[in-house]
Structure formats: C-alpha cells, structure tokens
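S.K.:
Residue numbers (this note's numbering): 6 to 266.
See below:
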C-alpha cells in the first residue's frame, strides 16, 4: 500500500494548540483543549450543555488559566460559546453553518483545480495519485487512516497551487467541519467510494478537463456532506437517549474527564 508523503503547508496560526506556546501552561491548556474537544466530538458533552471554567478546573484539578485558554481555542473554532455571567455552552448544531462551510470548500477546491490545470501544475499531484490511483489490494482498509488520507487529499489540492492564503483559509474551514466530517468513514462503503471518487477527480485533472474535475469534486463533497449529516443526527439522537437514561444532569453539573496527570 502506497504511503507517499504529501507536502502540506499549514498556516502559522498561533491559536491552534499544536502550534501554541511551548511553555508548561501552554502545554497544559493544549491537553485540556484536547480532552474537552474529544468530549464534544464523542457526544459526551452535547450541544446546549452548559458549564463553567470552575467546573472544568475542579474536575481536572488545574487552575482556571489554562482552562480559559483551552476554551478560547474551542470558541475560536466554533465549538463552544461564552455567555456573560452564565459560563460556557457547547454550541448548538447549526447545519446551515456547516452547509455554508462546505460551500466554501467546494468553491476553494474548484478554484484550485482550475489553477492547477491553467498553470500546468498537475505534476504536483503525483503523490496523491500514488495513494488514490491504486489497485484495490493496495488500498488502506482502516477507516480512521482513510479519514486522515482523505483530509490530506483535499488539503493537497489546495497546497499544490502554492497559494498560502488559500491554504490558510482551507485549513480553517477543515478544522471547523471536522466534528462532523470525521464521521464519513464510519460506514465501510464510504471507504470504497472515496477511493473511486478521488481517483476519478485526479484523472480528470490529469486530462486537463477542468469542467469534469470540478463537477466531480463538487459531487464528491456534497455526497460526503449528506452522509455525515445523517450520521450526526443519528448519533445525537442516540447520545441524548443514552444520557437521559443515565441521569444526564450529573454530567452537565461537572462530570468532565479525570484530572490531568
């Protein structure tokens, strides 16, 4: 199975914990950020749940300073919102918000395709072809790994243009939709479909057929969007039923992850 390296240029965005300060306080904030984000992604904290900085600090046995920094990161990414004098709240799911972000993705990736063909830069996509244009026996079977490769594919199209501002904006959109996009590969047929669709997109770019490549990238993204919306709705419903049966008020009142070690 091919695992060719793809040169993805990431923006120097200091709000992301992965590129945050190297100080112990910054590292602690990054750990808290990761724990809370995992709770949101896994629906242990549901849209609409409220909590305070003190709740998180007490549960994790840390001061409020790194908690506040972690929450600011999550706020900037659109996962939580702050209410004056009433603490923090997990942001309600707004599918119109996600639809707008997916629309931006389509526009950016379609523009990237046009530029790659116009500037005869299709050769920059060779590493992507080595991953996606392969025989079935060479394909990655693990859904989590395919999800990472999928994200790298779309980022790779943008990075190949050399437009660093477009890379930065695409990275931001990717981060904001990750909470639902990651669910795309929880169904096995989506892995097969992704390989077929990515290969078809790359073939159209290689053939310098801009219209066909753009039509394929749009259809691919819209299909993924539809799939993850249905999965998200199902998971939210299941999570609410589960928590209702387990007295969810205990979680909302402070049942956060265990203290950081």
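Glycine included, every Cβ here is placed at the ideal spot set by N, Cα and C.
Please read these numbers as outputs of a predicted model, since none were measured by experiment.
Just verifying my parser: in three-state terms, what is the DSSP assignment at residue 219?
M.R.: DSSP places residue 219 in helix when its eight states are reduced to three.
S.K.: Report all residues from its chain with a CB closer than 7 Å to the CB of residue 233; omit the five preceding and five following residues, and keep chain order.
M.R.: Cβ neighbours of residue 233 beyond the five flanking positions: 185, 186, 188, 189.
S.K.: Mind the definition here: the segment 103 to 119 touches the segment 215 to 231 only if three or more C-beta pairs lie below 8 Å; say whether that holds.
M.R.: With the cut-off at 8 Å, the segment 103 to 119 and the segment 215 to 231 touch.
S.K.: In chain order, which continuous runs of the alpha helix (DSSP H) of length 4 or greater are located wholly inside the segment 80 to 130?
M.R.: DSSP runs (the alpha helix (DSSP H)) wholly in the segment 80 to 130: 100 to 123.
S.K.: May I ask you to report which of helix, strand or coil DSSP gives residue 195?
M.R.: Reduced to three states, the DSSP call for residue 195 is helix.
S.K.: Report the rounded CA-to-CA distance for residue 52 versus residue 156, giving the unit in angstroms.
M.R.: In a straight line, the C-alpha of residue 52 is about 25 Å away from that of residue 156.
S.K.: What separation, rounded to the nearest whole angstrom, lies between the Cα atoms of residue 85 and residue 66?
M.R.: Using only the alpha carbons, I get a separation of about 21 Å.
S.K.: If you draw a straight line from the C-alpha of residue 11 to the C-alpha of residue 89, how long is it?
M.R.: No answer about residue 11 holds up, because its pLDDT of 35 lies below 50 and its placement is not dependable.
S.K.: Between the C-alpha atoms of residue 120 and residue 202, what's the straight-line distance to the nearest angstrom?
M.R.: The alpha-carbon atoms of residue 120 and residue 202 are separated by roughly 20 Å.
S.K.: State yes or no: is the C-beta of residue 71 within less than 8 Å of the C-beta of residue 34?
M.R.: Yes, the pair counts as a contact, with Cβ atoms nearer than the cut-off.
S.K.: How do the segment 120 to 131 and the segment 161 to 181 stand: do at least 3 beta-carbon pairs fall below 8 Å, yes or no?
M.R.: Yes, since at least three Cβ pairs between the segment 120 to 131 and the segment 161 to 181 fall closer than 8 Å, the two stretches touch.
S.K.: At the level of alpha carbons, what is the spacing between residue 245 and residue 180?
M.R.: Those two C-alpha atoms are separated by around 25 Å.
S.K.: Mapping the DSSP letters down to three states, classify residue 55 as helix, strand or coil.
M.R.: Note: residue 55 maps to strand in three-state DSSP.
S.K.: Using the Cα positions of residue 169 and residue 175, report the straight-line distance between them to the nearest angstrom.
M.R.: Each residue's alpha carbon lies about 10 Å from the other.
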